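Contents: one structure, followed by commentary.
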Amino acid sequence: MLMSEAVTDLTIYTAETAVSLFLYGIYLCLAILTLYVYARAGSRRSPSAKRLVYIVLPAGLVLGTTQTVLDVVRMAVVWVTLLSPEGVTPGRAYEAYIASNIASNVFLCVNVLVTDIFLMYRCFVVWERNRAVLIAPVLLILATTATALVAAIQAQNSSMSASAHALSAIVPALLGTVTNICLTCLTAYKIWSAHRVAVVFKTNTGVRTRYRKALLIITESGAIYTICTVGMAIGLLVQPNTAGVTYLVSTGVVKHMLNIVPALALLYTGLQETSEAEAGPRLPLLEAGDREVCPAPAGTGPRSEFESSPTITSCSLRASTSTAMALLSFIYNRPNRVLQLQKQYQADPRPIFLRPAGAKATLTVYGTLFSLGFASSLYGAGCLVTGYGKGGPSSE
1 MLMSEAVTDL TIYTAETAVS LFLYGIYLCL AILTLYVYAR AGSRRSPSAK
51 RLVYIVLPAG LVLGTTQTVL DVVRMAVVWV TLLSPEGVTP GRAYEAYIAS
101 NIASNVFLCV NVLVTDIFLM YRCFVVWERN RAVLIAPVLL ILATTATALV
151 AAIQAQNSSM SASAHALSAI VPALLGTVTN ICLTCLTAYK IWSAHRVAVV
201 FKTNTGVRTR YRKALLIITE SGAIYTICTV GMAIGLLVQP NTAGVTYLVS
251 TGVVKHMLNI VPALALLYTG LQETSEAEAG PRLPLLEAGD REVCPAPAGT
301 GPRSEFESSP TITSCSLRAS TSTAMALLSF IYNRPNRVLQ LQKQYQADPR
351 PIFLRPAGAK ATLTVYGTLF SLGFASSLYG AGCLVTGYGK GGPSSE
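Numbering (UniProt numbering), first residue to last: 1 to 396.
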């Protein structure tokens, strides 16, 4: 199998890398905002919830960053091979291409597994740690992971036809869709049942509002995940070629939406908890230690502006604005920082990331990473809008 047979067009890999960079930048911004929100929450959140956040988000960052780097490496191999064929031997270039392709597929399988485990854990908590509920999701997750690994291995088998490659990639996509629908329906049904109980017993309006918002975020995240996986399967049915632009671009979308969906759910939960710190008990969507599904009536504390936010999109925009304003305020107001840090440590011996000075220093790091993610999104969007790479030579 020659390199020209594996790489059909330079534009395809440029488009895939542009989409990957664009979505990776969005995810990086969301992850930084989520970490900042949970770091600011301090003791208001249980250790189990914060531990979950500090496991899921770093895992997503590692997987997303690795897959983005592999996409860039694969595109660079294609560019070097097609633009300077005399400087690179076809054998070594093809070996690098195959290695990056296999690694990207394996990391995608791991990413799917991590996301499914997160969704299953959320369902497990909402169902009050009822293990019987997890029988069907566990079987579906195992089937999805096994078929995805088989498809990743068979992707480099040159003896298989294009339709056989497409079929091996469609099966894990459909199984992943069924797994997501199963977990979403189980979680949404339990919350809907609790909401009905709250309505029948005329519980406080704030409790019912939190149930409705929890139901909204679960169905919204599940719908996003389902649309991506179904779109990839439909693309393979329309164009049965795993080296075609439809499959590669849809795969670039799916690999980052797997991380964006949990980040959105965690960000919404963190913003809701921060805004309702004085409004009463919260719905235990991510709390491993809480056993109640129907919380007690909420208190009469003041309502926050986040309460009226119908979707996580507006919450994310407001969080982005407040974070940017806090960052600018910190940059332009930093006299005698060393002395101020020493005084604050003497007055407050808590860990540095829980103190105001530590929070500001952490915010600086978050702001830098946020800027990198924003720049990555702009670069990816610029490549897509300007059609960068269309003028490149063909691989034929």
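Ideal placement from N, C-alpha and C gives every residue a C-beta, glycine not left out.
Keep in mind the model is a prediction, meaning the values are calculated, not measured.
Beta-carbon to beta-carbon, L149 and C109 are separated by about 5 Å, close enough to satisfy the 8 Å threshold.
One Cα belongs to G64, the other to V254, and the distance between them is close to 11 Å. Taking each of L183, M257, A265, A188 in turn and checking the Cα distance to I26, the smallest one comes out for M257. The C-alpha of A96 is placed about 38 Å away from the C-alpha of Y36. When only Cα atoms are considered, V197 and N204 end up about 12 Å apart. Between L61 and A31 a beta carbon distance of about 6 Å is seen, short of the 8 Å cut, so the two are scored as contacting.
Taking each of A15, L186, T251, A223 in turn and checking the Cα distance to G235, the smallest one comes out for T251. Distance from F118 to L134 at the Cβ level is roughly 13 Å; contact not present, criterion being Cβ atoms closer than 8 Å. Burial state of E128 is exposed, judged by a 10 Å Cβ sphere holding fewer than 16 other Cβ atoms. Per the C-alpha coordinates, the member of L183, R74, L21, Q154 positioned closest to D116 is L183. Take A143, set aside five residues on each side of it, and the residues of its chain with a beta-carbon closer than 6 Å to its own are L175, in chain order. Nearest C-alpha to L248 among S104, P58, A99: S104. The closest CA to that of V78, considering only V207, L21, I12, L23, is found on I12.
Per DSSP, reduced to three states, the secondary structure at K213 is helical.
A straight line joining the alpha-carbon of Y225 with that of L21 spans about 19 Å. One alpha carbon belongs to T209, the other to H195, and they sit about 9 Å apart. Counting of Cβ neighbours within 10 angstroms places A162 among the exposed residues, the total staying below 16. P172 counts as buried, since at least 16 other C-beta atoms from the protein chains shown sit within 10 angstroms of its C-beta. Taking all protein chains shown into account, F201 has fewer than 16 neighbouring C-beta atoms within 10 Å of its C-beta and is therefore exposed. Close CB contacts of I260 within its chain, under the 6 Å cut and outside five residues either way in sequence, are with Y27 (chain order).
Around the Cβ of L33, a 10 Å sphere holds 16 or more other Cβ atoms; the residue is buried. Secondary structure remark: continuous alpha helix (DSSP H) runs of at least 4 residues inside the region 93-155, in chain order: 135-154. Bounds of any alpha helix (DSSP H) do not take in T203, whose DSSP letter is neither H nor E. If you compare the alpha carbons of T14, T269, A263, T81 with that of I55, the shortest gap goes to A263. The beta carbon of A136 sits closer than 7 Å to those of C182, all from its chain and outside the five residues before and after it, given in chain order. Taking all protein chains in view, the Cβ of V207 is crowded by 16 or more other Cβ atoms within 10 Å, so the residue is classified as buried.
The C-beta of I191 has 16 or more other C-beta atoms within 10 Å across all chains shown, which makes the residue buried.
Setting aside the 5 residues that flank it on each side, A152 is surrounded in the same chain by I102, N105, V106, L108, C109, each with a C-beta closer than 8 Å to its C-beta; the list follows chain order. Between T269 and the set A132, L216, V245, the nearest pair of CA atoms involves L216. Taking a C-beta distance under 8 Å as the contact criterion, I141 and T177 do not qualify as a contact pair. Ranked by Cα distance from V230, the first of A169, C185, I98 is A169.
Residue environment for A146: exposed (fewer than 16 other C-beta atoms within 10 angstroms of its C-beta).
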